[in-house]
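Have a look at the structure below before the remarks.
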DNA sequence: TCAATATATCGTAATAATACGATTAACAGA
DNA sequence: TCTGTTAATCGTATTATTACGATATATTGA
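Protein chains in written order, with my numbering: chain A, 5 to 114; chain B, 5 to 114.
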């Protein structure tokens with residue numbers, strides 16, 4: 005790791021950003037997952053409709069069932085949401101713990 | 005807009021998420037921009053090296069000058085950073101106002 | 001003005017993301 | 001067990017992202 009070499013004329017650092025490896029990858033993944041309008045809409049819907057099933061989202065979004073399912077997988081893998089099987093359906097909720105972690109990390113960083 | 009139809013057995017909404025149109029697009033853009041390892045590294049570098057120039061980042065990152073410049077453009081367009089011309093060089097800093105806005109929005113949402 | 005430095009932009013190849021229809025799997029109720 | 005419902009996954013076409021070398025632009029100092 006290189007030493008810092010900030011001349012006195014440069015602005016002060018506004019914050020620290022000590023995150024690396026696994027954690028950083030997880031954080032980048034979460035950013036990436038929400039960097040898509042459809043997935044952001046899904047998150048919005050889940051806020052107001054916690055526990056809704058995939059088909060609710062398929063009705064809500066202007067996209068095919070396969071596409072919505074794929075977006076849900078991305079959000080699941082990134083840790084934004086959690087799905088529980090209920091009979092033939094899957095009920096989705098926000099993953100509160102991971103969301104809290106994300107908020108916390110963003111707060112630490114910026 | 006459809007009426008909510010949350011049965012009493014479903015979990016309560018953990019939060020509100022009232023963001024639309026222009027603001028939402030801006031927020032999604034910011035998420036998307038940081039959803040890339042190289043750009044996240046650039047942000048980390050800028051935290052500890054505020055005011056550094058493009059070439060500093062080119063030396064730091066394992067990528068070609070053109071690639072780094074492209075990543076900087078994405079971060080600029082998304083509003084994460086701001087660049088000021090200093091002679092033949094460009095000095096970069098975090099865009100504190102926009103970052104504060106992002107933090108605030110994420111806080112509102114989750 | 002000329003050479004050196006610093007960056008942005010252009011054109012393009014390789015890779016990844018996105019969306020869809022079709023198929024498969026898993027469950028519920030008749 | 002058969003049928004309908006719900007979702008995930010597969011294969012694939014289209015589009016977007018990423019990275020690079022080459023080139024263009026802009027400034028500084030000799």
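We put the CB at the ideal spot given by N, CA and C, even for glycine.
Identity of the residues DSSP links to residue i by a beta bridge
| i | result |
| --- | --- |
| residue 89 of chain A | A/94 |
| residue 57 of chain B | B/95 |
Element boundaries [alpha helix (DSSP H), containing residue i]
| i | result |
| --- | --- |
| residue 4 of chain A | Since the first residue of chain A shown is 5 and the last is 114, residue 4 of chain A is not available in this structure. |
| residue 67 of chain A | Segment: none, residue 67 of chain A is in no alpha helix (DSSP H) and carries neither H nor E. |
| residue 103 of chain A | 100 to 113 |
| residue 25 of chain A | 25 to 38 |
Nonlocal neighbours in the same chain, by C-beta distance under 6 Å from residue i, ignoring five residues either side
| i | result |
| --- | --- |
| residue 62 of chain B | 69, 72 |
| residue 88 of chain B | 95 |
| residue 102 of chain A | 83 |
| residue 31 of chain A | 109 |
Cβ neighbours of residue i in the same chain (closer than 7 Å, five flanking residues each side left out)
| i | result |
| --- | --- |
| residue 60 of chain A | 53 |
| residue 75 of chain A | 42, 43, 46 |
| residue 105 of chain B | none |
| residue 67 of chain B | 42 |
| residue 48 of chain B | none |
Distance between beta carbons of residue j and residue i, contact taken as under 8 Å
| i | j | result |
| --- | --- | --- |
| residue 79 of chain B | residue 37 of chain B | 6 Å |
| residue 39 of chain A | residue 25 of chain B | 17 Å between Cβ atoms; not a contact. |
| residue 55 of chain A | residue 107 of chain B | That belief does not hold up - the Cβ atoms of residue 55 of chain A and residue 107 of chain B are roughly 29 Å apart, past 8 Å. |
| residue 23 of chain A | residue 50 of chain A | Not confirmed; about 26 Å, so no contact. |
| residue 35 of chain B | residue 35 of chain A | 5 Å |
Cβ neighbours of residue i in the same chain (closer than 8 Å, five flanking residues each side left out)
| i | result |
| --- | --- |
| residue 57 of chain A | 90, 93, 94, 95, 96 |
| residue 15 of chain B | Residue placement at residue 15 of chain B is poorly supported in this model, since its pLDDT is 44, which falls under 50; the coordinates still yield a value, given next. Closer than 8 Å at the Cβ level, and outside the excluded window around residue 15 of chain B, lies no residue. |
| residue 100 of chain B | none |
| residue 33 of chain A | 81, 82, 83 |
| residue 9 of chain B | The pLDDT assigned to residue 9 of chain B is 34, lower than 50, so where the model puts this residue is not dependable; a value taken from the coordinates is nonetheless given after this. For residue 9 of chain B, where only same-chain residues beyond five positions count, there are no Cβ hits under 8 Å. |
| residue 27 of chain B | 109 |
| residue 77 of chain A | none |
Q. Using a beta-carbon distance cut-off of less than 7 Å, what residues from the region 57 to 90 of chain B approach chain A?
A. Those would be none; no residue qualifies.
Q. Using a beta-carbon distance cut-off of less than 8 Å, what residues from the region 40 to 51 of chain B approach chain A?
A. 40, 41, 44, 47, 48, 51
Q.
Output needed in chain order: residues of the region 98 to 111 of chain B with a Cβ under 9 Å from some Cβ in chain A.
A. 98, 100, 103, 104, 106, 107, 110, 111
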